[in-house]
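Engineer: Can you read through this structure? Questions will come right after.
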Amino acid sequence: MTEWIELGSVTAIPVRGARCVNTPSGKIAVFRTAEDQVFAVENRCPHKGGPLSEGIVHGASVTCPLHNWVFDLATGEAQGADEGSVRTYPVKVEHGTIYIAPDVLMQMAAE
Amino acid sequence: MEKLVVVGAGMASGRALEHIFEEAPGRFDVTLFGAEPRGNYNRLMLSPVLAGEKEYEQIITHDSAWYEANGVHTRFGETVTLIDRERKVVVSKLGETPYDKLIIATGSAPFIIPLPGKDLPGVMAFRDLDDVNRMVDVSKRPGAKAVVIGGGLLGLEAAAALNARGMEVVVLHLMGHVMERQLDPAAGYLLQRDLEARGIKVHCKAQTKAILGEDRVEAVALEDGTVYGADIVVMAVGIRPETRLAVDAGIHVERGIVVNDQMVTSDPDVLALGECVEHEKIVYGLVAPLYDQAKILAKTLAKVDAAFRPVQTATQLKVTGVSVYSAGDFADAEDREEIVLRDATSGIYKRLVLKEDKVIGAVLYGETADGPWFFDMIRKGTDTRDMRDTLIFGQAYQGGAALDPMAAVAALPDDAEICGCNGVCKSTITGTIVSKGLTDLDGVRAHTKASASCGSCTHLVEKLMAITLGDSYNPAAVKPMCPCTEHDHGTVRRLIVAKELKSIPEIMQELEWKTSCGCAKCRPALNYYLVAEWPGEYEDDGQSRFINERVHANIQKDGTYSVVPRMWGGLTNPRELRAIADVADKFHIPTVKVTGGQRIDLLGVKKEDLPAVWADLNAAGMVSGAAYAKGLRTVKTCVGSDWCRFGTQDSTGLGVRLEKFMWGAWTPAKVKLAVSGCPRNCAEATCKDIGVVCVDSGYDIHFAGAAGLDIKGTELLGHANSEDEALEIIVALTQLYREQGHYLERIYKWAKRVGNDSIKAAIIDDLDKRRHYYDRFVYSQQFAQVDPWEERVNGKDAHEFAAMAEFGLPVAAE
Numbered sequence: 001m002t003e004w005i006e007l008g009s010v011t012a013i014p015v016r017g018a019r020c021v022n023t024p025s026g027k028i029a030v031f032r033t034a035e036d037q038v039f040a041v042e043n044r045c046p047h048k049g050g051p052l053s054e055g056i057v058h059g060a061s062v063t064c065p066l067h068n069w070v071f072d073l074a075t076g077e078a079q080g081a082d083e084g085s086v087r088t089y090p091v092k093v094e095h096g097t098i099y100i101a102p103d104v105l106m107q108m109a110a111e
Numbered sequence: 001m002e003k004l005v006v007v008g009a010g011m012a013s014g015r016a017l018e019h020i021f022e023e024a025p026g027r028f029d030v031t032l033f034g035a036e037p038r039g040n041y042n043r044l045m046l047s048p049v050l051a052g053e054k055e056y057e058q059i060i061t062h063d064s065a066w067y068e069a070n071g072v073h074t075r076f077g078e079t080v081t082l083i084d085r086e087r088k089v090v091v092s093k094l095g096e097t098p099y100d101k102l103i104i105a106t107g108s109a110p111f112i113i114p115l116p117g118k119d120l121p122g123v124m125a126f127r128d129l130d131d132v133n134r135m136v137d138v139s140k141r142p143g144a145k146a147v148v149i150g151g152g153l154l155g156l157e158a159a160a161a162l163n164a165r166g167m168e169v170v171v172l173h174l175m176g177h178v179m180e181r182q183l184d185p186a187a188g189y190l191l192q193r194d195l196e197a198r199g200i201k202v203h204c205k206a207q208t209k210a211i212l213g214e215d216r217v218e219a220v221a222l223e224d225g226t227v228y229g230a231d232i233v234v235m236a237v238g239i240r241p242e243t244r245l246a247v248d249a250g251i252h253v254e255r256g257i258v259v260n261d262q263m264v265t266s267d268p269d270v271l272a273l274g275e276c277v278e279h280e281k282i283v284y285g286l287v288a289p290l291y292d293q294a295k296i297l298a299k300t301l302a303k304v305d306a307a308f309r310p311v312q313t314a315t316q317l318k319v320t321g322v323s324v325y326s327a328g329d330f331a332d333a334e335d336r337e338e339i340v341l342r343d344a345t346s347g348i349y350k351r352l353v354l355k356e357d358k359v360i361g362a363v364l365y366g367e368t369a370d371g372p373w374f375f376d377m378i379r380k381g382t383d384t385r386d387m388r389d390t391l392i393f394g395q396a397y398q399g400g401a402a403l404d405p406m407a408a409v410a411a412l413p414d415d416a417e418i419c420g421c422n423g424v425c426k427s428t429i430t431g432t433i434v435s436k437g438l439t440d441l442d443g444v445r446a447h448t449k450a451s452a453s454c455g456s457c458t459h460l461v462e463k464l465m466a467i468t469l470g471d472s473y474n475p476a477a478v479k480p481m482c483p484c485t486e487h488d489h490g491t492v493r494r495l496i497v498a499k500e501l502k503s504i505p506e507i508m509q510e511l512e513w514k515t516s517c518g519c520a521k522c523r524p525a526l527n528y529y530l531v532a533e534w535p536g537e538y539e540d541d542g543q544s545r546f547i548n549e550r551v552h553a554n555i556q557k558d559g560t561y562s563v564v565p566r567m568w569g570g571l572t573n574p575r576e577l578r579a580i581a582d583v584a585d586k587f588h589i590p591t592v593k594v595t596g597g598q599r600i601d602l603l604g605v606k607k608e609d610l611p612a613v614w615a616d617l618n619a620a621g622m623v624s625g626a627a628y629a630k631g632l633r634t635v636k637t638c639v640g641s642d643w644c645r646f647g648t649q650d651s652t653g654l655g656v657r658l659e660k661f662m663w664g665a666w667t668p669a670k671v672k673l674a675v676s677g678c679p680r681n682c683a684e685a686t687c688k689d690i691g692v693v694c695v696d697s698g699y700d701i702h703f704a705g706a707a708g709l710d711i712k713g714t715e716l717l718g719h720a721n722s723e724d725e726a727l728e729i730i731v732a733l734t735q736l737y738r739e740q741g742h743y744l745e746r747i748y749k750w751a752k753r754v755g756n757d758s759i760k761a762a763i764i765d766d767l768d769k770r771r772h773y774y775d776r777f778v779y780s781q782q783f784a785q786v787d788p789w790e791e792r793v794n795g796k797d798a799h800e801f802a803a804m805a806e807f808g809l810p811v812a813a814e
């Protein structure tokens, strides 16, 4: 395994917002919560493909901008009455810098 | 049936009638006289009505259906002038009404200090709904000033309510500190400080000398030479029992109408209750003992043995955001000890007065949750020796119980009084919930009366419901705006104004949000309410807006965006059309379409291209058409008198003018306008949120149309003779909607909720009000008319449009 991949500073993401990471096989949305927790999920709602990075972030959840499905960012599970899940990726924050697990890009490339 | 006549339709008589119909159903044929032109309502709640936190309809205790169902002949607005006890009739302007039994419940009259100038128009009491309406009318004048004489419970509630209405308020109080009958000086000081922090001036030791004015009140002068300007003077210095009828009829009257333990006067066929009576030399002004009297009076009429005994009472001030609780006797004396807790930074003050190890008085300020617990001890004479050290910290600290508010309520004894207004104890509430199978707060209110009066015990009642019902309790008596709160939209809006909440975290803290940072439903709503209420002070929070309003373009099903440049009134020109065509070519925009609102839509723009698209459109002089906004979108027009052979007015010109005046304003939901030049209505103005139909004599202003999920023709709001007048009406209407609409509530739904009449009354009938709303709109526009495209082109929120990182294929697979 190579080292974790640096994505940038936590402060590059607005509080209660998200930024995208572009990869050859799609976008990963990296979220920052009000408490400065950071999560990475696939930027695609399993319902109709809505870009989750454009949703409203509340607590450790995001509401899809297209049809208001709500996802737990930690587990990727849809909340409430909706069923489904969005893929999550391991990320860590050290000294204010966000890192994503190296095998993520490998996985995505292999698919 | 026996003929029962009741004189007075106040809270005591309303309650007495309920008990009479319970105790002796079918026995009495009741005639109810009331001097006010309306039935029984909850006078305690006039303060919230005055503050704009409640509507009159919400405080009616008995409606016409109730009177009808119980066969009550109502004679409201008809004053009884004489009681003839010989012939057993009461006399009013419509003649004589015979009785077998008579109840006098004439209440009390506000005491008016015999000052010079007391009869000037604008000097009033705070007693009934008419007083409230008069005060509200004056409060709507910009810069209106009020002087409240009397710093007691009623005076301070009036002052806070008028202040919440935007008036400049001064309270004049004769004594050294406010509410001196309920509060000690320390708590009085805290209260005064809180009131002054709201901008209410409190002048203690104020000897009023005269009320000044020519045709109406203009100022109040004090003995010390101070003069306060005033558009109204509210006298709230006390009340005295209204006993004139009884005196004239030769019934025994001292300070009040004297009654025995059975509520019977010196005439065995005449009973009396309420603020007009005196029992064992005491006249009661608080509602709890009056409700006890109602119970006893009903039993007496039903020939059931019962006796009224004086009771202890506790007081709470109904001023939003101020928590004061006072019970028992808290005067200093030789044989008394006290325990005091102060927390200056939190503004908390608690004081217990003890005599022989028993609590006899309690004053709580800032944190009043333990009030009922202390009050219970006062009434029972509980020995406190064993908990003396921790007593002041309240119930949660006794016996090592957990700091769980639910546990504290669960630990209350069965006979602990929960609702002071109605004298309802814990076991009555829990018992009724079980026996009647109640599941909502309204049901508990209806069956037990608990929390049905001033409502300050609502949180206790809800906790009891939660304890009794467990998980099956659903506190959704009001429809909360989202699962993060128990408040509905209207309540949140009112509290934002009343408590001067100016940020989302402040709202969530003060209104006890159940989530740490809200959800996708409440955050955009709160953000809008703050922008609308505090223009210039509150800065829009982008992260609390939907994506469309964050990136100022309309998200489409595939995650691309659509862009609509503004075309004022639907007008464009070759240069703009060329720029649009060039942009479409340059950015490979797949679809160009004319929208239903006569604008051009560029569909399928990639998000990262948005700033560049906008830069090109800006360069050609176009700004954002806000086609994505909960705000003013388009003003659709026909060609009007410029070209059309039927056009009566310059509809295109008015459309352009309206759009240029109103663009940028945020509203609860989208707002679309149209102006048609003649009744042929080519701009389809009569299905718009606001529509103008030009006619020969001027402009018919329509509103509350819809052509979306619902299809609905507009209502006619009024007629304007000039373009200026039309513009003023439309702008004022929009502002009224901005201030009253719930988030995502279209104009037609808002109008249905508040009533077209109230909107017409504010915008058409009352020129002062119309100007007030117009001015508020104009004020807020100076902060709103900023082209969001230009801001983004210049780099604002640039993070929205660029990726955080880019990765190609991994170079070396290991």
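Chains B and R, in that order, are what the protein sequence lines are.
At position 98 of the first sequence (counting the first as 1) the number is 98 in the working numbering, and the numbers step up by one without a gap.
At position 676 of the second sequence (counting the first as 1) the number is 676 in the working numbering, and the numbers step up by one without a gap.
The C-beta atom is built at its ideal place from N, Cα and C for all residues, glycine as well.
Excluding the 5 residues preceding and the 5 following G96 (chain B) in the sequence, name in chain order all residues of the same chain whose CB lies nearer than 8 Å to its CB.
Structural biologist: For this step, residue 96 (chain B) is matched to residue 96 along the first sequence. Here the set comprises S9, V10 and T11.
Engineer: Just the C-alpha distance for D292 (chain R) and T734 (chain R), rounded to the nearest angstrom, thanks.
Structural biologist: The residue given as residue 292 (chain R) occupies position 292 in the second sequence. The residue given as residue 734 (chain R) occupies position 734 in the second sequence. Their backbone Cα atoms lie some 49 Å apart in a straight line.
Engineer: Within the 8 Å Cβ cut-off, does H58 (chain B) reach chain R?
Structural biologist: Numbered from 1 along the first sequence, position 58 holds the residue referred to as residue 58 (chain B). With 8 Å as the cut-off, H58 (chain B) counts as an interface residue toward chain R.
Engineer: Three Cβ pairs or more, each shorter than 8 Å: is that satisfied between the segment 225–245 of chain R and the segment 57–72 of chain R?
Structural biologist: No, because fewer than three Cβ pairs between the segment 225–245 of chain R and the segment 57–72 of chain R fall closer than 8 Å, the two stretches do not touch.
Engineer: Got a sec: is the Cβ-Cβ distance from P90 (chain B) to anything in chain R below 8 Å?
Structural biologist: As a first step, residue 90 (chain B) must be located in the first sequence, where it is residue number 90. So no, P90 (chain B) is outside the interface.
Engineer: If you run the structure through DSSP and keep just helix, strand and coil, what is P788 (chain R)?
Structural biologist: Indexing the second sequence from 1 puts residue 788 (chain R) at position 788. It is helical.
Engineer: Identify which residue in R:V227, R:D194 and R:P110 has its Cα closest to the Cα of A146 (chain R).
Structural biologist: One-based indexing of the second sequence puts residue 146 (chain R) at position 146. It is R:V227.
Engineer: Enumerate, from N- to C-terminal direction, the unbroken beta strand (DSSP E) stretches of 3 or more residues contained entirely within the segment 410–458 of chain R.
Structural biologist: As far as the segment 410–458 of chain R is concerned, its whole beta strand (DSSP E) runs of at least 3 residues are 417–419.
Engineer: Can you pull the chain B neighbours of I555 (chain R), defined as C-beta to C-beta under 9 Å?
Structural biologist: Position 555 of the second sequence holds residue 555 (chain R). By Cβ distance, chain B contributes G50, P51, E54, P65 and L66.
Engineer: By the 10 Å Cβ neighbour count, where 16 or more other Cβ atoms means buried, how is Y737 (chain R) classified, buried or exposed?
Structural biologist: Walking along the second sequence from the start, residue 737 (chain R) turns up at place 737. With 16 or more other Cβ atoms within 10 Å, it is buried.
Engineer: Residue range of the alpha helix (DSSP H) that Q293 (chain R) falls in?
Structural biologist: Residue numbering aside, residue 293 (chain R) sits at position 293 when the second sequence is read from its first letter. From DSSP, the alpha helix (DSSP H) with Q293 (chain R) extends over V287 to L301.
Engineer: Rounded to whole angstroms, what's the CA-CA distance from A408 (chain R) to M387 (chain R)? Just pull it up for me.
Structural biologist: As a working mapping, residue 408 (chain R) is identified with position 408 in the second sequence. As a working mapping, residue 387 (chain R) is identified with position 387 in the second sequence. Near 16 Å, if we compare the C-alpha coordinates of M387 (chain R) and A408 (chain R).
Engineer: Determine the burial state of P590 (chain R): buried for a count of at least 16 other Cβ atoms within 10 Å of its Cβ, exposed for fewer.
Structural biologist: Reading the second sequence from its first residue, position 590 is the one you call residue 590 (chain R). The residue is exposed, with fewer than 16 neighbouring Cβ atoms inside 10 Å.
Engineer: From the DSSP output, in three-state form, read off A402 (chain R) for me.
Structural biologist: Position 402 of the second sequence, counted from the first residue, corresponds to residue 402 (chain R). Residue confidence is low: A402 (chain R) scores 43 on pLDDT, short of 50, so the model does not pin down where it sits. Its coordinate-derived value is still stated next. Coil.
Engineer: Contact between the segment 599–613 of chain R and the segment 646–655 of chain R: three or more CB pairs below 8 Å?
Structural biologist: No: the two stretches stay apart, fewer than three of their Cβ pairs being nearer than 8 Å.
Engineer: Mind pulling the alpha helix (DSSP H) runs of 4 or more residues that sit fully within the segment 111–143 of chain R?
Structural biologist: Runs found: 129–139.
Engineer: Ordered along the chain, which non-local residues of its own chain (more than five positions away) have a Cβ less than 7 Å from that of E337 (chain R)?
Structural biologist: As a first step, residue 337 (chain R) must be located in the second sequence, where it is residue number 337. Answer for E337 (chain R): L354, listed in chain order.
Engineer: Thinking C-beta only, is G655 (chain R) closer than 8 Å to V671 (chain R)?
Structural biologist: Taking the first residue of the second sequence as 1, we reach residue 671 (chain R) at position 671. Taking the first residue of the second sequence as 1, we reach residue 655 (chain R) at position 655. Not closer than 8 Å, so no.
Engineer: Do you know how far the Cα of A219 (chain R) is from the Cα of I113 (chain R)?
Structural biologist: Your numbering for residue 113 (chain R) matches position 113 in the second sequence. Your numbering for residue 219 (chain R) matches position 219 in the second sequence. Their Cα atoms are separated by approximately 16 Å.
Engineer: Could you give the residue range of the alpha helix (DSSP H) that holds M662 (chain R)?
Structural biologist: Within the second sequence, residue 662 (chain R) is the residue found at index 662, counting from 1. Element bounds for M662 (chain R): S651 to M662.
Engineer: Let me see if you follow: with CB-CB separation under 8 Å, is P14 (chain B) close to chain R or not?
Structural biologist: Against the first sequence, residue 14 (chain B) aligns to sequence position 14. For P14 (chain B), the answer is yes, since a Cβ of chain R falls inside 8 Å of its Cβ.
Engineer: Over what stretch of residues does the beta strand (DSSP E) that includes T81 (chain R) continue unbroken?
Structural biologist: Looking up residue 81 (chain R) in the second sequence gives position 81. Segment V80 to D84, the beta strand (DSSP E) holding T81 (chain R).
Engineer: Give a yes or no on contact between the segment 553–568 of chain R and the segment 508–519 of chain R, applying the rule of three or more CB pairs nearer than 8 Å.
Structural biologist: Touching, no.
Engineer: Would a C-beta distance cut-off of 8 Å place R273 (chain R) and L297 (chain R) closer than the cut-off?
Structural biologist: Position 273 of the second sequence, counted from the first residue, corresponds to residue 273 (chain R). Position 297 of the second sequence, counted from the first residue, corresponds to residue 297 (chain R). Before going further, note that residue 273 (chain R) is Leu rather than Arg in the sequence given. Cβ atoms of L273 (chain R) and L297 (chain R): closer than 8 Å.
Engineer: Apply the 10 Å Cβ neighbour rule to V7 (chain R) and answer buried if 16 or more other Cβ atoms are within range, or exposed otherwise.
Structural biologist: Position 7 of the second sequence, counting from 1, holds the residue named residue 7 (chain R). With 16 or more other Cβ atoms within 10 Å, it is buried.
Engineer: Nearest-angstrom Cα distance between V786 (chain R) and C20 (chain B)?
Structural biologist: Position 786 of the second sequence holds residue 786 (chain R). Position 20 of the first sequence holds residue 20 (chain B). C-alpha separation (whole angstroms): 28 Å.
Engineer: Taking DSSP's pairing of strands, which residues face Q316 (chain R) in a bridge?
Structural biologist: Residue 316 (chain R) sits at position 316 when you count from the first residue of the second sequence. According to DSSP, which records beta bridges pairwise, Q316 (chain R) is partnered with R:Y325.
Engineer: Is there a C-beta anywhere in chain R that falls below 8 Å from the one on A34 (chain B)?
Structural biologist: Residue mapping note: residue 34 (chain B) aligns to position 34 of the first sequence, counting from 1. Interface residue, yes.
Engineer: Whole alpha helix (DSSP H) runs in the segment 27–69 of chain R with 4 or more residues, listed along the chain?
Structural biologist: Runs of the alpha helix (DSSP H) inside the segment 27–69 of chain R: 46–51 and 64–69.
Engineer: Can you list, in chain order, the stretches of the beta strand (DSSP E) that have 3 or more residues and sit fully within the segment 456–543 of chain R?
Structural biologist: Within the segment 456–543 of chain R, no complete beta strand (DSSP E) run reaches 3 residues.
Engineer: Are the beta-carbon atoms of V563 (chain R) and V605 (chain R) separated by less than 8 Å?
Structural biologist: Looking up residue 563 (chain R) in the second sequence gives position 563. Looking up residue 605 (chain R) in the second sequence gives position 605. Contact flag set, yes.
Engineer: Hey, how far is the Cα of V270 (chain R) from the Cα of T79 (chain R)?
Structural biologist: In the second sequence, counting from the first residue as 1, residue 270 (chain R) sits at position 270. In the second sequence, counting from the first residue as 1, residue 79 (chain R) sits at position 79. V270 (chain R) and T79 (chain R): Cα-Cα distance of roughly 18 Å.
Engineer: Residues of chain R with a CB under 8 Å from the CB of T75 (chain B): which are they?
Structural biologist: For the purposes of this step, residue 75 (chain B) is taken as residue 75 along the first sequence, with counting starting at 1. Under the 8 Å cutoff, chain R gives no residues; its nearest Cβ is about 18 Å from T75 (chain B).
Engineer: Mind listing the chain R neighbours of G17 (chain B)? Cutoff is C-beta to C-beta under 7 Å, in chain order.
Structural biologist: One-based indexing of the first sequence puts residue 17 (chain B) at position 17. Those are Q543, listed as they occur along chain R.
Engineer: Give a yes or no on contact between the segment 42–52 of chain R and the segment 75–93 of chain B, applying the rule of three or more CB pairs nearer than 8 Å.
Structural biologist: The segment 42–52 of chain R is not in contact with the segment 75–93 of chain B.
Engineer: The beta strand (DSSP E) spanning L391 (chain R) covers which residue range?
Structural biologist: Taking the second sequence and counting its residues from 1, one reaches residue 391 (chain R) at position 391. Segment: none, L391 (chain R) is in no beta strand (DSSP E) and carries neither H nor E.
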